[in-house]
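Chemist: Encoded as structure tokens, here's the structure I'll be asking about.
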Amino acid sequence: MEKIIGGIKRDCYPLTQAQLVHMYTLKFSPSDEVVNIGTGQYFQKEMNVAALREALNRAVERCESMRLRLWRDPETNEIWQYVMPYENQYFEYYDFSAWKEEKAHEVMQKWTSQPFDTFRGALSRIVIVSMPDGYNGYYLNVHHVCMDSASVIAFTKDVMQIYCYLMYDMPYPSPMTSYIDSVKKDLEYEGSKRQKKDMDFWHAELAKDEPMFTDFTGPGRQQTLRQEKGNPDLRWGLLPTKDSAGNTIVYPLDVDSTNKIIDFANEHDIPVSVVILHAIRTVLSKFNNNEKDITIRDFISRRSTILHKKCGGVRMHCLPLRTIMDTDTTVLESMRIINEQQQKVFMHADYSTMRYYYEERVRYGGDDGATYHSISFTYQPASAKSLVPYLKGIGFKSRWYSSGRQPQPFYITAMHRPGRRRTEFLFRLPVRERNARGDRVPLLLYGQSAVPQHRKPR
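Just so we're aligned: 266 in numbering that gives the first Met the number 0 is position 267 of the sequence shown, and the numbers increase by one with no gaps anywhere.
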């Protein structure tokens with residue numbers, strides 16, 4: 000639909016269901032940086048800054064979602080999106096090579112905590128950087144309505160392939176696909192037969208008995224909530240905090256343990272993500288008196304076609320992965336149950352996240368913030384290094400920076416690195432309690448609760 004924005008006609012489109020999740024987050028967050036994604040991609044190789052700047056510009060030109068803008072209609076209050084025409088940019092360059100590495104990361108973490116003006120101007124920032132120990136690359140901060148982690152990885156691959164073309168005469172990468180075409184596909188879903196099938200599946204799930212909330216800190220908060228509500232059978236829980244202050248803890252799993260997970264998954268024809276989900280589910284059950292009914296919120300990237308794999312944008316929906324198992328279920332049986340249920344969730348993952356959780360609340364009731372999950376999970380199976388053949392054997396570091404805000408109770412991202420044969424876990428946690436020095440600390444510290452059984456949010 001054409002709109003006049005700043006005196007210029009723009010082709011505008013409604014927001015997708017995936018984008019609306021982040022706009023909902025913005026609406027209820029005390030600050031806008033909660034939707035920032037900050038990353039750094041660094042190769043242990045001398046970089047030609049001019050060539051990298053050119054590669055970044057070409058990649059931005061090829062990726063429509065990196066030129067996305069949002070506009071709120073002042074008359075109707077409706078939010079629209081449109082793509083700005085490409086304009087060449089002179090990306091800043093910062094030399095941190097003489098710094099201590101963590102000090103450089105602290106600077107970029109501060110950059111990530113700087114919010115974008117969602118309805119005015121650019122929704123991304125790129126800086127070329129030199130790091131200690133001969134690592135060079137770039138930092139990217141982008142608004143979540145424009146990109147998700149799969150988009151960031153695809154964009155990184157495109158940048159480095161273009162750079163290798165410019166510097167080493169490697170083949171030029173195939174074109175990116177159209178973000179606007181992917182938006183049109185999503186909009187066609189509304190009212191379609193496919194939506195009806197998905198609705199039937201999720202309504203059948205909601206017809207089951209009420210789920211049980213399981214807190215990653217154990218049953219203490221749930222027991223206190225039951226006392227406060229005067230209902231000993233209360234099954235829903237509350238998010239641990241409405242304060243969105245948060246932090247990210249990165250835990251690199253060693254190569255040997257990663258290989259054991261991969262080998263086990265291959266031997267039993269089970270996805271690596273299911274092995275990890277089984278571990279999360281087991282911990283939740285154990286922490287909550289061997290509860291049989293466990294729900295984990297599963298993030299699904301919805302990128303099964305070439306269009307969606309290379310279009311950029313945000314396509315993640317987050318829907319419940321609920322499994323009910325007796326305590327004598329074997330490990331393999333448990334994993335196969337999880338895998339079967341996850342395949343069903345994947346099959347019906349185009350269903351609106353916001354619509355599902357609205358219908359869940361209508362079905363089961365509950366106060367504001369009522370939930371049945373305390374942990375959200377996503378799995379990213381690849382890195383840029385594994386996707387750019389020329390760069391194999393060259394040191395590579397990828398860093399994901401915290402914006403200092405975390406709207407979810409506990410968000411786990413597992414990122415498998417085929418090039419390095421290891422897995423990194425990103426634990427994104429809200430912070431609320433303070434230690435003796437007055438520093439905010441995560442709610443969960445390596446399996447031990449850092450939180451009293453119940454406190455009202457600050």
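By construction, the Cβ of each residue, glycine as well, lies at the ideal position given by its N, Cα and C atoms. Please read these numbers as outputs of a predicted model, since none were measured by experiment.
In the DSSP assignment, find the beta strand (DSSP E) that holds K8 and state where it starts and stops.
Modeler: By 1-based counting over the sequence shown, the position of residue 8 is 9. Where K8 is concerned, the enclosing beta strand (DSSP E) stretches over I7 to D10.
Chemist: Taking just the CA atoms, how far does I323 sit from R220?
Modeler: Reading the sequence shown from its first residue, position 221 is the one you call residue 220. Reading the sequence shown from its first residue, position 324 is the one you call residue 323. So the alpha carbons of these two residues sit roughly 22 Å apart.
Chemist: With a Cβ-Cβ cutoff of 7 Å, do F286 and G236 count as a contact?
Modeler: For the purposes of this step, residue 286 is identified with residue 287 of the sequence shown, where counting begins at 1. For the purposes of this step, residue 236 is identified with residue 237 of the sequence shown, where counting begins at 1. Cβ distance not < 7 Å, so F286 and G236 don't count as in contact.
Chemist: Bridge partners of F27, per DSSP?
Modeler: Working through the sequence shown from its first residue, we reach residue 27 at position 28. DSSP, once it has assigned bridges, lists no residue as partnering F27.
Chemist: Tell whether a beta-carbon distance below 7 Å holds between H21 and D197.
Modeler: Along the sequence shown, read from residue 1 onward, the residue named residue 21 stands at position 22. Along the sequence shown, read from residue 1 onward, the residue named residue 197 stands at position 198. No. Outside cutoff.
Chemist: Start and end of the beta strand (DSSP E) containing N135?
Modeler: Translated into positions along the sequence shown, residue 135 becomes position 136. Start and end: N135 to H142.
Chemist: Which of the three DSSP states, helix, strand or coil, is assigned to P289?
Modeler: As a working note, residue 289 is residue 290 in the sequence shown. The displayed chain sequence assigns Asn, not Pro, to residue 289. Residue state, collapsed to three classes: coil.
Chemist: Tell me whether W201 sits in a helix, a strand or coil according to DSSP, three-state version.
Modeler: Start at 1 with the first residue of the sequence shown, and residue 201 comes out as number 202. W201 falls in the helix class under three-state DSSP.
Chemist: Do the region 55-65 and the region 83-103 meet, that is, are 3 or more Cβ pairs less than 8 Å apart?
Modeler: Flag = yes, the region 55-65 and the region 83-103 touch.
Chemist: Would you be able to state if there are at least three C-beta pairs under 8 Å between the region 301-315 and the region 353-364?
Modeler: No: the two stretches stay apart, fewer than three of their Cβ pairs being nearer than 8 Å.
Chemist: Tell me the DSSP bridge mates of T322?
Modeler: Along the sequence shown, read from residue 1 onward, the residue named residue 322 stands at position 323. Beta-bridge pairing links T322 to I293.
Chemist: For a test of the three-state rule: what should DSSP assign to M414, helix, strand or coil?
Modeler: Counting from 1 along the sequence shown, the entry for residue 414 is found at position 415. In this structure, M414 counts as strand in the three-state DSSP scheme.
Chemist: Ends of the alpha helix (DSSP H) at E359?
Modeler: Counting from 1 along the sequence shown, the entry for residue 359 is found at position 360. First-last of the alpha helix (DSSP H) with E359: T352 to Y363.
Chemist: Per DSSP, which residues does F424 bridge with? Please list them.
Modeler: Position 425 of the sequence shown, counting from 1, holds the residue named residue 424. DSSP output for F424 lists Y250 and A413 as bridge partner(s).
Chemist: Answer with buried or exposed for A17, where buried requires no fewer than 16 other C-beta atoms within 10 angstroms of its C-beta.
Modeler: Counting from one through the sequence shown, the residue named residue 17 turns up at place 18. Label assigned to A17: buried.
Chemist: If you run the structure through DSSP and keep just helix, strand and coil, what is H347?
Modeler: Translated into positions along the sequence shown, residue 347 becomes position 348. Residue state, collapsed to three classes: coil.
Chemist: Looking at the unbroken alpha helix (DSSP H) that takes in Q108, where does it start and where does it end?
Modeler: As a working note, residue 108 is residue 109 in the sequence shown. First-last of the alpha helix (DSSP H) with Q108: E100 to T111.
Chemist: In the structure shown, what three-state DSSP assignment does I337 receive?
Modeler: One-based indexing of the sequence shown puts residue 337 at position 338. Helix.
Chemist: Would you call the region 148-159 in contact with the region 48-59, where contact means no fewer than 3 C-beta pairs closer than 8 Å?
Modeler: Touching, yes, given that three or more Cβ pairs across the two stretches are closer than 8 Å.
Chemist: In angstroms with no decimal places, state the Cα-to-Cα distance between F298 and T24.
Modeler: One-based indexing of the sequence shown puts residue 298 at position 299. One-based indexing of the sequence shown puts residue 24 at position 25. Rounded to whole angstroms, F298 to T24 spans 15 Å at the Cα level.
Chemist: Taking a contact to mean a Cβ-Cβ separation below 7 Å, would you say I293 touches L283 in this structure?
Modeler: Taking the first residue of the sequence shown as position 1, residue 293 is located at position 294. Taking the first residue of the sequence shown as position 1, residue 283 is located at position 284. The answer is yes: Cβ separation under 7 Å.
Chemist: Do S96 and T247 have their CB atoms nearer than 7 Å?
Modeler: Reading the sequence shown from its first residue, position 97 is the one you call residue 96. Reading the sequence shown from its first residue, position 248 is the one you call residue 247. In this structure, T247 does not lie closer than 7 Å to S96 by Cβ.
Chemist: In its own chain, which residues sit with a C-beta less than 6 Å from the C-beta of Y378, not counting the 5 before and 5 after it?
Modeler: In the sequence shown, residue 378 corresponds to position 379, counting from 1. So the list reads S272 and A413, once near-sequence residues are dropped.
Chemist: If you reduce the DSSP assignment to three classes, tell me which class E227 lands in.
Modeler: Sequence index remark: in the sequence shown, residue 227 carries index 228 (1-based). Note: E227 maps to helix in three-state DSSP.
Chemist: Is the region 71-79 close to the region 172-180, with three or more CB pairs under 8 Å?
Modeler: Flag = no, the region 71-79 and the region 172-180 do not touch.
Chemist: Buried or exposed for M0, going by 16 or more other Cβ atoms inside 10 Å?
Modeler: Along the sequence shown, read from residue 1 onward, the residue named residue 0 stands at position 1. M0 is exposed by the Cβ-count criterion.
Chemist: Using three-state DSSP, classify I269 as helix, strand or coil.
Modeler: If you number the sequence shown from 1, residue 269 lands on position 270. In this structure, I269 counts as coil in the three-state DSSP scheme.
Chemist: Assuming L55 and I125 make a contact with CB atoms under 8 Å, what is their CB distance in whole Å?
Modeler: Counting from 1 along the sequence shown, the entry for residue 55 is found at position 56. Counting from 1 along the sequence shown, the entry for residue 125 is found at position 126. The Cβ separation is near 6 Å, so the contact holds.
Chemist: Just tell me which of L320, G394 and Q226 has its CA closest to the CA of W201.
Modeler: The sequence position of residue 201 within the sequence shown is 202, counting from 1. Of L320, G394 and Q226, the residue nearest in Cα terms is L320.
Chemist: Kindly indicate the opening and closing residues of the alpha helix (DSSP H) around E74.
Modeler: Along the sequence shown, read from residue 1 onward, the residue named residue 74 stands at position 75. Premise fails: E74 is in no alpha helix (DSSP H) and is neither H nor E.
Chemist: Does the beta-carbon of K309 have 16 or more other beta-carbons within 10 angstroms, so that it is buried, or is it exposed?
Modeler: Position 310 of the sequence shown, counted from the first residue, corresponds to residue 309. Classification for K309: buried.
Chemist: Count the other CB atoms within 10 Å of the CB of N338; is the residue buried (16 or more) or exposed (fewer)?
Modeler: The count along the sequence shown starts at 1 and reaches residue 338 at position 339. Burial call: buried.
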